[in-house]
Amino acid sequence: MNPKDMSPPVVGCRDTPVLKQRGQREVFCGLTGIIWLHRKIQDAFFLVVGSRTCAHLLQSAAGVMIFAEPRFGTAILEESDLAGLNDAHAELDRVVEDLLARRPDIRQLFLVGSCPSEVIKLDLNRAAERMTQMYAPKVRVLEYSGSGIETTFTEGEDACLASMVPVLPETEARELMVVGALPDVVEDQMLSLLSDLGVGPVTVLPARNIDGKTAVGKNTVFALTQPFLGETFAALKRRGARHLPAPFPFGDEGTTAWLRTIATEFSVSDEVFDRVTEAPRRRARQAIRQAAAPLQGRSVFFFPDSQLEIPLARFLVRECGMSPLEIGSPYIHDTIHGPDLDLIPEGPEISEGQDVDLQLDRCRAAKPDLTVCGLGLANPLEAEDLPTKWAIELVFTPVHFYEQAGDLASLFARPLRRKSILTAHPNVGVAAE
Ligand code: SF4
Numbered sequence: 005m006n007p008k009d010m011s012p013p014v015v016g017c018r019d020t021p022v023l024k025q026r027g028q029r030e031v032f033c034g035l036t037g038i039i040w041l042h043r044k045i046q047d048a049f050f051l052v053v054g055s056r057t058c059a060h061l062l063q064s065a066a067g068v069m070i071f072a073e074p075r076f077g078t079a080i081l082e083e084s085d086l087a088g089l090n091d092a093h094a095e096l097d098r099v100v101e102d103l104l105a106r107r108p109d110i111r112q113l114f115l116v117g118s119c120p121s122e123v124i125k126l127d128l129n130r131a132a133e134r135m136t137q138m139y140a141p142k143v144r145v146l147e148y149s150g151s152g153i154e155t156t157f158t159e160g161e162d163a164c165l166a167s168m169v170p171v172l173p174e175t176e177a178r179e180l181m182v183v184g185a186l187p188d189v190v191e192d193q194m195l196s197l198l199s200d201l202g203v204g205p206v207t208v209l210p211a212r213n214i215d216g217k218t219a220v221g222k223n224t225v226f227a228l229t230q231p232f233l234g235e236t237f238a239a240l241k242r243r244g245a246r247h248l249p250a251p252f253p254f255g256d257e258g259t260t261a262w263l264r265t266i267a268t269e270f271s272v273s274d275e276v277f278d279r280v281t282e283a284p285r286r287r288a289r290q291a292i293r294q295a296a297a298p299l300q301g302r303s304v305f306f307f308p309d310s311q312l313e314i315p316l317a318r319f320l321v322r323e324c325g326m327s328p329l330e331i332g333s334p335y336i337h338d339t340i341h342g343p344d345l346d347l348i349p350e351g352p353e354i355s356e357g358q359d360v361d362l363q364l365d366r367c368r369a370a371k372p373d374l375t376v377c378g379l380g381l382a383n384p385l386e387a388e389d390l391p392t393k394w395a396i397e398l399v400f401t402p403v404h405f406y407e408q409a410g411d412l413a414s415l416f417a418r419p420l421r422r423k424s425i426l427t428a429h430p431n432v433g434v435a436a437e
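Each residue of the sequence shown is one higher than the one before, counting from 5 in the numbering used here.
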């Protein structure tokens, strides 16, 4: 799509009645966020207080060998802990003491709650306060829940960042805070664009280490890079910071609109904005044009999973020529998701939450060309000849901002390409992507 064609639709989806579903859900738990957060926050350790199931989830999903000394681990609750026969707080104190003695590089320790620790009502908040007194100022101890009882998997990052907000230093400075864990290379691209625009000072949450300059106060404005940060959003507002509502920085249009919102806030001239963004926009449009050819005119159905569904649907509709049949999201937050909903022409079903059997029925009846869903639903749908894209891959792959826009379109194009190869050559094996 040319930039001149990118005017908002006459009627967007912000006011579309939302189909609210509260039934059986098929999602990973919030512990999953540790897999990208432990790489991002380089002086942190994530200690899950959970069961062997939690340990196996992390170990297999992260694919890190124990002897590599990863920056996460599990304090296993044994049956006697669950039965209340042991003093779980004393056990936890001992585990943490051993860990911090062995790993002097740890400056931030996150105690991460799980289903078992919530079921036995282990008060990790109290434990974190006690340990902060014991280990401050060398180590800061925080806690959050990654349990699967009420969460979708991206809420783990939200809960982690929200736990950091109350302990950020206070500042009076007028600063931009960019909120959301991005791969370092993508974060560097974003900081370079903001610097070229003359926007600053800029801080990020989460910072790569505790010595980062991230602080907050009533003169802080913040922009989210991830659409699943509702708790963090609320915590920052409680500290007096002001949110800059914008579409999320996916694709050319989303990235430009996100940057434009910040540029307007910091009084950047149109001339500077156009000069800084012109070349990367051109590269992004070219990359999308090449990658998105198989997507043109095809239909897409989103199951609620990563909470990225609404901005990704906007990207697929407006920059890749797809038509959405249903856009399901675990939660819809008007302030956070509204700017993207404004840009999606009315028409698709917008659904919040899940009743998985009913949604599968709608999906089968709609027969979409592409279904975006969690791992648990992908194989059954593939067996029914419905091509799928794993939603979790979109969180693990660098997809934000201009330079990744072509890769983002490619992620959606691959299943359709695979299907067309298999249809043309049914006896050829093609690895799943
Ligand atoms: S937190 Fe709950 S859902 Fe997640 S791995 Fe542990 S037991 Fe399973």
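Ideal placement from N, C-alpha and C gives every residue a C-beta, glycine not left out.
By a beta-carbon distance limit of 8 Å, Leu51 contacts Gly77. Their separation comes to about 6 Å. When C-beta atoms of the stretch 167-176 are compared with those of the stretch 205-224, three or more pairs fall below 8 Å, so the two segments count as touching. Three or more beta-carbon pairs separated by less than 8 Å link the stretch 344-364 to the stretch 19-39, which places the two stretches in contact.
If you draw a straight line from the Cα of Trp40 to the Cα of Glu161, it is about 9 Å long. Residue pairing for Phe416: DSSP places it in no beta bridge. Remark: C-beta atoms of Ser121 and Leu81 approach each other more closely than 9 Å. Assignment of Leu316 by DSSP, reduced to helix, strand and coil, places it in the helix class. Here Cys17 carries a coil assignment [DSSP, helix/strand/coil]. Gln230 places its beta carbon less than 9 Å from that of Leu312.
Rounded to the nearest whole angstrom, the C-alpha separation of Asp338 and Gly234 is 11 Å. Going by DSSP, Ile340 is part of the alpha helix (DSSP H) stretching over 338-347. Of the heavy atoms belonging to the ligand SF4, at least one sits nearer than 8 Å to the Cβ of Leu35. By the 16-neighbour rule on beta-carbons within 10 angstroms, Ser11 is exposed. When the five nearest sequence neighbours on each side are left out, the beta carbons in the same chain lying within less than 7 Å of the beta carbon of Thr36 are those of Ala65, Phe157, Gly160, in order along the chain. For Pro328, the pairing in a beta bridge is given by DSSP as Val304.
Assignment of Ser310 by DSSP, reduced to helix, strand and coil, places it in the coil class.
By the beta-carbon neighbour count (other beta carbons within 10 angstroms, threshold 16), Gln290 is exposed.
In this model, Pro251 and Gly16 are separated by some 13 Å (Cα to Cα). Under the three-state reduction of DSSP output, Ser333 falls in the strand class. By the Cβ neighbour-count rule, Gln112 is buried, with 16 or more other Cβ atoms within 10 Å of its own.
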